[in-house]
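A quick write-up on the structure given underneath.
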Amino acid sequence: MIATVRELRTFDRPIRLLALSQFAINLGFYMLMPYLAAHLSVTVGLAGWLVGLILGARNFSQQGMFLVGGTLADRLGYKRLIVAGCALRAAGFVLLALATSVPALLVASMATGFAGALFNPAVRAYVAQDAGGRRVEAFAVFNVFYQAGILLGPLIGLLLTSVAFELTCTVAALVFAGLTVLQVRALPDRRPFEPAPSVLAGWRIVFANRRFLAFSVVMAGSYVLSFQVYLALPLETGRLASSPGAATVAVGILFAVSGLIAVAGQLRVTEWCRRRWDGGRCIAAGLLLMAAAFLVPLPVVLREEAGGVATFVPLLVSVCVLTVGTMVVFPFEMDTIVSLAGDRLVATHYGLYNTICGVGIAAGTLGTGGLLELARAHGVPWVPWLLLAVLGTACALGVHVLARSGRLRPRPVALVGTA
């Protein structure tokens, strides 16, 4: 972490502030969200389908509105959207603490989701613009603070929620309120270098960017893979654990190890890859690692009886490989989006990219969850894991083809009056 702090200090104040802000954003978010479902079902007493509706509304209001958030950032400026998103999330968390009716809970949940759609593309576009030629290094540092927030948030939330869920909401709201004030006072205003056209004209430009759309579709598969740290791997860990208590501990270890690897190794991994390969090869290599992660658990997936350490170790190794693959991909992925955007409408490109990947996550989660049960019922439990490995390999091949054909570079724009 000391090396990360040293690297962070080489950047200008806005990037330093945004990295620390992203840590606080994830800290506040993850101290609350992992415990929201239990609060809604146990404390509020809602039926399971209502809990699903409220959580689904939050997810849709974020993933489905990323394009809107990115568009607004390109038109109104990055700082305004970052400030608005943090303020809205603070208000949403306060309402979550106070709400008891389903309509109020829906409004609060959707407010927290839409807040993410406002500040997420704006933050990434701000970092990309301010970092200039050091985008890869900036996003590597950014990811360290991003993961650190995910690592510490649930631990703090567990302590607060053991007292009262309302206390967790209040503390999380105070985190975002403090961020709002800090960014109003200390974050310099940033606007795109090129003024954004009308909304429809901007969307036409982005949707006509075929290279960007091809890259987005290919990379959506990588988000299906990375999401399995929340789905397939915990489910398999729980199935093979000797008791529910052991399953809880084991899943907690998986998350903790994943976060610690990202925090401790991101800069080293990025620098090692950057010295050897270009961005396209780095992304393809990371995707192959992510694919390989789903081959590691195959021996224990085939086991029917609960196991001990020997059963848990392959799943832990799988999480480690998946995390390293994600670490390889992320900085070069973020840099490639900016390159494909041609430094034009960057926040809108990030917004559409997140929306496409969000659709991929939704479809992939639904498909994987159903396939895990179906495959085990038919005596072929290895099939979903093999398909996930195939998906990762296909994504790596897709990125390789795009890179080799030059489609990961922006199309040259012809100047008016030239031949």
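To get the numbering used here, take the position in the sequence shown, counting from 1, and add 15.
Glycine is no exception: its CB is placed at the ideal position from the N, C-alpha and C atoms.
Source: prediction; values computed, not measured.
Who are the near neighbours of residue i in its chain, counting only those whose CB is closer than 8 Å to its CB and skipping five residues on each side?
| i | result |
| --- | --- |
| Leu269 | Val244, Leu248, Pro249, Thr252, Leu330, Leu331 and Val334 |
| Leu430 | Its pLDDT being 37, under 50, Leu430 is placed unreliably in this model, and the coordinates cannot settle the point. |
| Gln37 | Val138, Phe157, Phe160, Tyr161 and Gly164 |
| Phe222 | Leu228 and Leu367 |
| Thr195 | Val98, Cys101, Ala102 and Ala105 |
| Val316 | Glu251, Pro396, Trp397 and Trp400 |
| Val428 | Confidence at Val428 is low in this model, with a pLDDT of 49, below 50, so its placement is unreliable and no value can be given for it. |
If you drop the 5 nearest sequence neighbours on each side, which residues of the same chain put their C-beta closer than 7 Å to that of residue i?
| i | result |
| --- | --- |
| Thr433 | Because the pLDDT at Thr433 is just 34, under 50, the model does not fix this residue reliably, and the value given afterwards should be weighed accordingly. So no residue of the chain qualifies. |
| Ala437 | The question about residue 437 has no answer here: the residues shown for the chain are numbered 16 through 434. |
What residues in its chain sit with their C-beta under 6 Å from that of residue i, if we drop five residues either side in the sequence?
| i | result |
| --- | --- |
| Gly375 | Ala235, Tyr238 and Val239 |
| Pro312 | Pro329, Leu330 and Ser333 |
| Arg206 | Gly92 |
| Gly379 | Val239 |
| Ala132 | Gln77, Met80, Phe81 and Gly84 |
| Ala299 | Ala411, Val414 and His415 |
| Gly373 | Gln78 |
Assuming residue i is part of the alpha helix (DSSP H), what are its boundary residues?
| i | result |
| --- | --- |
| Thr19 | Ile17 to Leu23 |
| Thr183 | Phe180 to Ala201 |
| Tyr238 | Arg225 to Ser241 |
| Arg219 | Val214 to Phe222 |
| Val311 | Counting along the chain, Val311 falls outside any alpha helix (DSSP H), and DSSP gives it neither H nor E. |
| Ala211 | It is not in any alpha helix (DSSP H) - Ala211 carries neither H nor E in the DSSP assignment. |
| Asp350 | Val324 to Ala356 |
Pick out whichever of the options has its Cα sitting closest to the Cα of residue i.
| i | options | result |
| --- | --- | --- |
| Leu215 | Arg90, Gly267, Ala411 and Thr326 | Arg90 |
| Ile40 | Met16, Leu381 and Ile165 | Ile165 |
| Pro399 | Leu381, Met342, Ile69 and Val416 | Leu381 |
| Ala500 | Leu194, Pro203, Thr408 and Thr363 | Coverage of the chain is limited to positions 16 through 434, which leaves residue 500 absent and any answer about it impossible. |
| Glu286 | Ser231, Phe345 and Gly274 | Phe345 |
| Arg226 | Arg104, Arg289, Pro49 and Leu355 | Leu355 |
| Ala112 | Gly294, Cys184 and Ala392 | Cys184 |
| Val339 | Pro314, Pro136, Cys297 and Leu175 | Cys297 |
| Ser56 | Val66, Met342 and Ala300 | Val66 |
| Val59 | Thr263, Arg73, Arg104 and Ser116 | Ser116 |
| Pro396 | Leu61, Arg254, Pro118 and Gly84 | Arg254 |
| Pro210 | Gly84, Ser273 and Leu360 | Leu360 |
| Leu197 | Val98, Arg391 and Ala325 | Val98 |
| Tyr45 | Gly193, Ser124 and Ile171 | Ile171 |
| Gly385 | Glu348, Arg73, Leu246 and Pro49 | Leu246 |
| Gly217 | Gly421, Val232 and Leu87 | Leu87 |
| Pro314 | Leu275, Leu32, Leu401 and Trp64 | Leu401 |
| Leu121 | Gly148, Ala146 and Phe75 | Phe75 |
| Arg219 | His364, Ala52, Met16 and Phe129 | His364 |
| Ile371 | Phe26, Thr263, Trp292 and Ser231 | Ser231 |
| Ala261 | Ile276, Arg289 and Phe327 | Phe327 |
| Ala377 | Thr25, Ala62, Ala72 and Asp27 | Ala72 |
| Asp27 | Leu189, Ala123, Tyr141 and Trp64 | Tyr141 |
| Cys20 | Gln281, Met48 and Ser258 | The residue you asked about is not Cys; residue 20 is Val in the sequence shown. For the residues Gln281, Met48 and Ser258, the minimum Cα distance to Val20 belongs to Gln281. |
| Arg150 | Pro425, Leu337, Ile352 and Gly394 | Ile352 |
| Leu47 | Trp64, Val186 and Gly148 | Val186 |
| Gly147 | His54, Pro29, Ser124 and Ala53 | Pro29 |
| Gly168 | Pro49, Gly301, Glu388 and Phe347 | Pro49 |
For residue i and residue j, which I take to be in contact (beta-carbon distance under 8 Å), what is that distance rounded to the nearest angstrom?
| i | j | result |
| --- | --- | --- |
| Phe242 | Gly43 | That belief does not hold up - the Cβ atoms of Phe242 and Gly43 are roughly 21 Å apart, past 8 Å. |
| Ala411 | Leu303 | 5 Å |
| Asp350 | Phe134 | Actually they do not touch by this definition, with Cβ atoms about 20 Å apart. |
| Leu96 | Gly295 | Actually they are not in contact, since the Cβ atoms of Leu96 and Gly295 sit about 30 Å apart, beyond 8 Å. |
| Ala306 | Ala404 | 5 Å |
| Ala362 | Pro212 | The pair is not a contact, with the Cβ atoms about 14 Å apart (cut-off 8 Å). |
| Leu202 | Leu32 | 6 Å |
Does the beta carbon of residue i come closer than 8 Å to any beta carbon on chain B?
| i | result |
| --- | --- |
| Arg291 | Looking at the structure shown, chain B is missing, and only one protein chain is on hand. |
Between residue i and the ligand NAP, is there a pair consisting of the residue's CB and a ligand heavy atom that are separated by less than 7 Å?
| i | result |
| --- | --- |
| Gln144 | This structure lacks the ligand NAP, and indeed carries no ligand of any kind. |
Could you pull out every unbroken alpha helix (DSSP H) segment of at least 4 residues lying fully inside the region 374-434, listed in chain order? As far as the region 374-434 is concerned, its whole alpha helix (DSSP H) runs of at least 4 residues are 398-419.
Length at least 4, wholly inside the region 80-133: the alpha helix (DSSP H) runs in chain order: Entirely contained in the region 80-133, the alpha helix (DSSP H) runs reaching 4 residues are, in chain order, 81-91 and 93-113.
Completely contained alpha helix (DSSP H) runs for the region 244-269, where each covers 4 or more residues: Taking only runs of at least 4 residues, the alpha helix (DSSP H) segments lying wholly in the region 244-269 are 247-255.
At 3 residues or longer, and completely inside the region 41-84: list those beta strand (DSSP E) runs for me, N to C. Considered as a whole, the region 41-84 harbours no complete run of any beta strand (DSSP E) with no fewer than 3 residues.
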